[in-house]
Structure formats: structure tokens, C-alpha cells
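Here is the structure we will look at, set down as C-alpha cells.
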Amino acid sequence: MDSPPLLEASGVTCGYEERPVLHDLSLQVRAGEFLGLIGPNGAGKSTLLRVMAGTLRPSAGQMRLAGRPLGEYSRREIARRLAVVPAPGSPQFAFLVREFVTMGRTPYLGRLQSDRPQDREAVDEALTDTDALPLADRPITELSAGEWQRVNVARALAQQPEILLLDEPTAFLDLGHQRDIFELLVRLNRERELTVVCVSHDLNLAAEYCPRLAVLAAGSVVAEGAPETVITSDLIGRVYQAPVQVDRGPAGHPRVSLLSEAALQGRAER
Amino acid sequence: MKRWRGVAVIVALVLLLAEATALSLATGPAPLEAGRAFRILLSPLPGLHDLAADATETDRNIVFEVRLPRFLMALLVGAALAVAGVVMQSLFQNPMAEPSIIGVSAGAALGATVALTLGLSFTFLGLTALPLAAFAGAVGVTGLVYVLSRRGGRTPVGLLLLTGIAVASLCSSIASLILVRGNNAQVSDVVFWMMGSVAYQGWKEVYMILPYALLGTVVACVYARDLNALLLGDEQAAYLGINVERVKLVLLGCGALLAASAVAVAGIVGFVGLVVPHLMRILVGPDHRILVPVSFLAGGLLVTLSALLATRLGAVPLGIITALLGAPFFLYLLHRQGTYRF
């Protein structure tokens, strides 16, 4: 607990134009941890991710990276330490997977410099880590949603970052691909000591994979801690404004079930 | 494989350009066939003087004062427009973008209209009022669009696009307003200018466009990696370590100067900035490290050939030819590639 947190938001207030999205938000991310950010739509999860990545400046408060204010870093310095996997969108231009992943080397290369051997190595390693090596010569416009997301993670890994920020990496993915992505993140977190901060809409997925969760509501952190302490029917019901029941999954993690109107009536009758 | 393909495309384009050079030097009202014209062209080189020992002063004049500058003009105009198109499509992350999107053409047209209707007749560094006014209009309007699109230190591309459209139509209506007050001769001058031409220009105009075409292309090559990253969107580019606002300013300036210099000397030559980058992307892929140089050559080739055709058809304005060739071909490409995603 001596070294400063890797990422630290203290009293951050921030908003687009006049409307503040984050209010006096404080959150710490320690090196090597796997943090899940959950919360309802409009709670400020994606905004917080942008503040953490330095593309949005807080209007009050401060964001620090390794103890130093984020504003003191150049974009290039940030990109060498922190990579972002954006919310899934569909690619417009037909780069090959390898060309796309090689863009992750941009923060290490000068304008007139061509790719060096260590850049090609980093790209190969990122492709291997994400099982995307067989895709290397395919155009990114011809990938399935699951493949495209793995390739996006590979592009971020090619930056050889300490921190990986992900904005709903499993949106639009089916069950099997959701699992693939989270298993990949867990592996990277453990084996490469990558610090992972992941915004997720899926509470059960987040509870299953993230050792620590932070719950955002109306621009502030309303709860943080292990899934067992954070995911309670009371808190989740209140924050998401929906009746839920929380029990335990097979691995002992909390499991959230939505209660329909019919289920609520059935409960009352019993 | 990809690299090999890029090299093959460059070689093919250079060979075609050589052929186009010969054809251009051989085309014109005066009879002077290609081989002879080419020998005259090479004769100033050391040791090759004898090549054109029999050439008359008139022949030399035709080659060096008429056909060579006309050819170089076409080459540079096409190259500048194509590279400007590549830059704009990346900046706007939009395959439909072209230089006129930020008001270059409308600004140039307004400048030209003012110069022609007021009968401005000053000269500066040997250049007449028309190209200077068109250039000033293009650069001024683009600058205005940029300034109007600033929001808290950023220039969102969507805003830039809409501001460009609004300012461009404002310029067009002002130009029209000036024209309806003008006389018939002025109207026909402006309309002809707007259709684009490289038929009447000489070395002065070549010198006007040359520095912008070369410098702009060099800048685009140097910023090739940034252009690639910008295709992913401003935010993504920032995550890759790019200082997006500064790079955008450099590239907007580069694209605007490339297009403005072309429009200033040749009038409005449509479709080149849109079609050439598309075509080249199909051939070599979207990587700007190869796309920029290849588009430079292909743009030069397309306009050179169009200018040739324009001359052969009896001084038809160049802009008509490029649109006549470009538009159907573009439609064919869109049709052929059912799932074309640029």
C-alpha cells in the first residue's frame, strides 16, 4: 500500500458542455488489479473511462497516472502505458488484421520510421495472446463480431500497456464469445500482470470474473468492493431501479436474476 | 504480397504516365508527332543536343511553351486533387469526403467570380488576378470553416462537415448574386472557369501549383501513420498517442492548400479527389504509406488523359471530361462490389 495507485481519480467532476456527468468522483485502481465498472445507463461509466484515458479533462478534481497528474503526460506517453478497447463499432476501411494491430505500435514509432523487429514481435505476441494469429491476413471488414473484438484487444495489447481499459467488450457477443473475452482478460491480468478496468453491462459476467467491482450511479461511485459485498438485491435493485433476486452461482459468486411482474406476484402469493 | 502489389501498381502507373507524356507532347493543333516531340524534349540534356538538330524554333516553342506546361499542369492538378481527396477521406473518416467538403471549390469559385466580374487585372509574381483570387477564396473560406467549427479546443468532424456545407452554399449564393448583376460575357467567363481547364495555362501557373502539390504530398506521406490512425476516429487516434487536434490542423491545411492550388490554376475539376482514392484503395488497400504516393500518380494520370481527350475533342472543358469518365466508372465500382466497404 506504499506505492501510489496506478490510476487515481480524486474529486473528479466532468461533463460534456454544461451538463456534468461525473460529480466529485473518487476511485483508485491498484497495479495488477482487475476492476469491473458497473452501473445503469447514463451513470457515467464511459465518461469515467475517457477521463481515465485522458481524452476528457475533468473540470474539477484530478486524474493521476502513477502518481503524476494525467494532464502532464503527452498523448504519446499515455498511449505507451494505457490502451483502450473502445465500445464495439463496425470497421469502415478494409485494413488487414495485421496492419490494424500494427497501428498499436504508433506511440513507439517516429513519423518517418518503419516498423522495427521489436514492433513485429509485439504484434505477433498480441496476435498470439488473443488467438488472432490465423486471422492476420484477413481484412478487418470481414470478421465476425467475436473475432473483431479479439482483434481490438490485440491492437490494444500491441501498445504493450500497463493498463487496459475496455468499454463493454462483450456487447453484441453471444455467450461463448463473452466467455472467450473475459477468460482472455483474466489470463492477461494474471500472466502479464496487466491492470484491467472493464465497463460491463452484464452484472453476472462482471461478478463472475472481476475480483473487485465499482458501482456507478448518477456520476458517483456508490459502492465498491468484492462482488459478494457489492452485489446485493438491495443495492442493485435501488441503483438499477428494478426488482432483482441475488443468489449464488456455481463458483459462489453472486448471481442476479431479474424479477418480472409475474414472478413478483408469484412471490407474494407464496 | 501486399508490398509486391503496391510496387507493381507504382511501376504500372509510371509506365502509363510515360506513355501519357509522349501522347500529350504529340497532341495539339500543330502537326508534330510524338517521337519528334520527345526528341525535342530530351535535347536540352547534356550530350543529347544532336537529337533535335533539325527542329525549328517553332517546334521547340510548341513543345516547351505550350505542350510541356499543359501536360505538367494536368499532372500536378490531378495529383494534388487526388492526394487532397485521400487526406480529406481520412480526416472525415468518410469515404464520400473530398476537398470541396470544406468549402475549397465554393471559395475558389467566389474568388474567381469576384475577379472576373470586377475585371481585376493586377499581376503578382507574374500571376494574373484570376488564379490569385481563386486561391485566396479557397484558402480563406476553408480557414473560416475551420474557425467556425472550433468548440472548446476541438474541431469535431461532424461539425466541420456541416459548417463546410453551410459556408459553401453561402459562397455559391453570393457568387450567383454577383453573377446575376453581371453581363453575359462575365457570366460565360465564370461558367467556363468553373468547368475547369488546363488548356490555356503556361509556366507561371505550373510554378504556382508546383510547390503546393509537392509539399502537400510530402506532408501527407510523412503523416501517413497519422492518416491511418485517424481512419479509426478521433478518439481512437488519441488513444494511439496522436495529438489529434494538432495533426488535424496540419492535415486540413495540407489538404486545403493542395486542392486550392489545383482549383486556382485549373478551375473546378470534379470527381478526381473522390474517385482516385477509392480506386487506389481497391488496388493497394487503405494503408496511407502506399495509398498516398499511388494516388499522386494515378490522379496525375487520370487528369493527363482527360486533358488529352479534352484537346482531341476540340477544347472541351476538362472538368466535363473527368466527370464524364469518373462518374460512370465510380457507379460501376459501387455496383460491382456488392458489399463494398471502402
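Line by line, the protein sequences are chains A and B.
Quick note on numbering: the working numbering labels position 241 of the first sequence as 232, and the sequence is numbered without any gaps.
Quick note on numbering: the working numbering labels position 153 of the second sequence as 184, and the sequence is numbered without any gaps.
We treat Cβ as the ideally placed atom computed from N, Cα and C, and that holds for glycine.
Asked	Found
Give every residue of the same chain whose Cβ lies closer than 6 Å to the Cβ of B:Leu344, excluding the five residues on either side of it in the sequence, and list them in chain order.	none
Would you kindly work out how many angstroms separate the C-alpha atoms of B:Ala199 and B:Ala290, rounded to a whole number?	15 Å
Can you check whether the C-beta of A:Ile69 is within less than 9 Å of a C-beta belonging to chain B?	yes
Put B:Cys202 into one of helix, strand or coil per three-state DSSP.	helix
Give the residues of chain B in contact with A:Arg102, contact being defined as C-beta atoms less than 9 Å apart.	Val253, Tyr254, Ala255, Arg256 and Asp257
Can you confirm whether B:Tyr177, when its beta carbon is compared against all beta carbons of chain A, has any partner nearer than 9 Å?	no
If B:Val145 sits next to B:Ala169, beta carbons under 8 Å apart, how far is it from one beta carbon to the other, in whole angstroms?	Incorrect: roughly 13 Å between the Cβ atoms, too far for contact.
On the criterion of 16 or more Cβ atoms from any shown chain inside 10 Å, does B:Trp22 qualify as buried, or is it exposed?	Given that chain B is displayed from residue 32 to residue 373, the structure contains no residue 22 of chain B and the question cannot be resolved.
Determine the chain A residues that contact B:Ala269 at a beta-carbon separation under 7 Å, and present them in chain order.	Thr46 and Arg66
Using the beta-carbon of each residue, which ones in chain B are nearer than 8 Å to A:Pro98?	Leu271 and Gly272
Counting only Cβ pairs nearer than 7 Å, list the residues of chain B close to A:Val75.	Tyr270
Run through chain B and tell me which residues come within less than 9 Å of A:Glu90, C-beta to C-beta.	Lys33, Asn259, Gly316, Pro317 and Asp318
I'd like the list of long-range same chain contacts for B:Leu236, defined as Cβ closer than 7 Å, with 5 residues on each side in sequence excluded.	The sequence shown places Glu at residue 236 of chain B, not Leu. For B:Glu236, where only same-chain residues beyond five positions count, the Cβ hits under 7 Å are Met104, Pro162 and Val296.
Between which two residues does the beta strand (DSSP E) holding A:Val20 run?	Arg10 to Val20
So what does DSSP say about B:Gln217, is it helix, strand or coil?	helix
What's the C-alpha gap between B:Gly247 and A:Asp120?	40 Å
Kindly say whether B:Gln217, judged by its beta-carbon, lies nearer than 9 Å to any beta-carbon of chain A.	no
If I measure Cβ to Cβ from A:Val92 and keep anything under 7 Å in the same chain, skipping five residues before and after, which residues do I get?	Val114, Ala117, Leu118, Val142, Ala145, Arg146 and Ala149
So with Cβ pairs under 9 Å, would you call B:Leu262 a contact of chain A?	yes
Return the bridge partner residues of A:Ala0 from the DSSP annotation.	A:Leu18 and A:Met54
Taking 9 Å as the cut-off, decide whether the C-beta atoms of A:Ala208 and A:His168 are in contact.	no
Alpha carbon to alpha carbon, how far is B:Thr58 from B:Thr52?	10 Å
Buried or exposed, going by whether 16 or more other CB atoms sit within 10 Å of the CB of B:Val178?	exposed
What does the alpha-carbon distance come out to for the pair B:Ala260 and A:Tyr231?	37 Å
Can you grab the Cα-Cα spacing for the pair B:Val204 / B:Ile93, in whole Å?	Correcting the residue type first, residue 204 of chain B is Ser in the shown sequence and not Val. The straight-line gap from Cα to Cα measures roughly 41 Å.
Starting from A:Gln236 and walking both ways along the beta strand (DSSP E), at which residues does that stretch end?	Val235 to Arg239
Looking at the unbroken beta strand (DSSP E) that takes in A:Pro245, where does it start and where does it end?	Pro245 to Leu249
Which value, in whole angstroms, describes the spacing of the CA atoms of A:Phe65 and B:Tyr270?	In the sequence under discussion, the amino acid at residue 65 of chain A is Ser, which differs from the Phe named in the question. The straight-line gap from Cα to Cα measures roughly 11 Å.
Determine which residues share a DSSP beta bridge with A:Glu215 and list them.	A:Ala205
So does the stretch 320 to 333 of chain B actually touch the stretch 96 to 111 of chain B, counting three or more Cβ pairs closer than 8 Å?	yes
Tell me the residue span of the alpha helix (DSSP H) that contains A:Val187.	No alpha helix (DSSP H) holds A:Val187; the beta strand (DSSP E) holding it covers Thr186 to Val190.
Can you give me the C-alpha to C-alpha distance between B:Phe373 and B:Ile313, rounded to a whole angstrom?	Caution applies to B:Phe373, whose pLDDT of 47 falls short of 50 and renders its modelled position unreliable; the value that the coordinates give is listed next. Between B:Phe373 and B:Ile313, the C-alpha separation is close to 8 Å.
If the criterion is Cβ atoms closer than 9 Å, does the pair B:Tyr254 and B:Leu282 meet it?	yes
Can you list the residues of chain B that A:Met94 reaches, using a CB-CB cut of under 7 Å?	Asn259, Ala260 and Leu271
Going by other Cβ atoms of all chains shown within 10 Å of its Cβ, with 16 needed for buried, is A:Arg180 buried or exposed?	In the sequence as displayed, the identity of residue 180 of chain A is Asn instead of Arg. Looking at its Cβ environment, which holds 16 or more other Cβ atoms inside 10 Å, A:Asn180 is buried.
Could you name the residues of chain A that B:Glu129 contacts, counting a contact when the two beta carbons are closer than 9 Å?	Ordered by position in chain A, no residue passes the 9 Å Cβ test against B:Glu129, which lies about 16 Å from the chain.
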